[in-house]
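Counting from 796, one number per residue, gives the positions in the sequence shown under the working numbering. First comes the structure, then the notes that go with it.
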Amino acid sequence: MADDKELSLYRELNASGYEASVIATFNVRFSLYERVLLRRLLAAGCRYNLLLADAAQCGTSLSMGEDVPELAGSEYALVPIQAQGAFHPKFVLLLGRTKARLIVGSHNVSVGGFGLNREIATAFDIDPSGASADLAKEVWQFARAWAS
């Protein structure tokens, strides 16, 4: 049974003070991202949003034509990542002027990953002027390297 100390990814995306998000996933349900997660981010003031997803999984979603991204390119940047095996990291990086937060876990951007499954995740508060800033920099450089 959940208690108040349990990490809620939905609550995390409602937090104010962040201007940018980077979310990495293997599998993605675009309808969940656009209608639920992105709406929460935008409502909280997060205006720059980047979604990194496995290219093969994106291709599968697009080829079925049932769950296609409608807001990619206008409300957020979608970057399908081509990997020799699979692009499989799962994290949320929230960036603000005076703070940052990193959530690393087993969740995909899917209904199961954000609600139905029992997933594991941990969150790190990043102090931009402290030693924890190196952690956020590493994740940002990882994302930049894959996105390029």
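Glycine is no exception: its CB is placed at the ideal position from the N, C-alpha and C atoms. Everything numeric in this text was worked out from a predicted model, so none of it was measured.
Can you tell me whether D798 is buried or exposed, with buried defined as 16 or more other CB within 10 angstroms of its CB? Residue placement at D798 cannot be trusted, given a pLDDT of 48 that sits under 50; what the coordinates show is reported in the next sentence. Within a 10 Å sphere around the beta-carbon of D798 sit fewer than 16 other beta-carbons, which makes this residue exposed.
Determine the direct distance from the alpha carbon of C841 to that of E865, and round the result to whole angstroms. Separation of E865 and C841 (C-alpha to C-alpha, rounded to the nearest whole angstrom) is 19 angstroms.
Taking buried to mean at least 16 other C-beta atoms within 10 Å of its own C-beta, is Y843 buried or exposed? In this structure Y843 is exposed. Its beta-carbon is surrounded by fewer than 16 other beta-carbon atoms within 10 angstroms.
Alpha carbon to alpha carbon, how far is P884 from A848? Give it in angstroms, no decimals. Take the alpha-carbon of A848 and the one of P884: they are about 9 angstroms apart.
Please state the DSSP three-state secondary structure of F919. In this structure, F919 counts as strand in the three-state DSSP scheme.
Just to confirm the assignment: which complete alpha helix (DSSP H) runs, minimum length 4, are found wholly within the stretch 830 to 854? Taking only runs of at least 4 residues, the alpha helix (DSSP H) segments lying wholly in the stretch 830 to 854 are 833 to 838.
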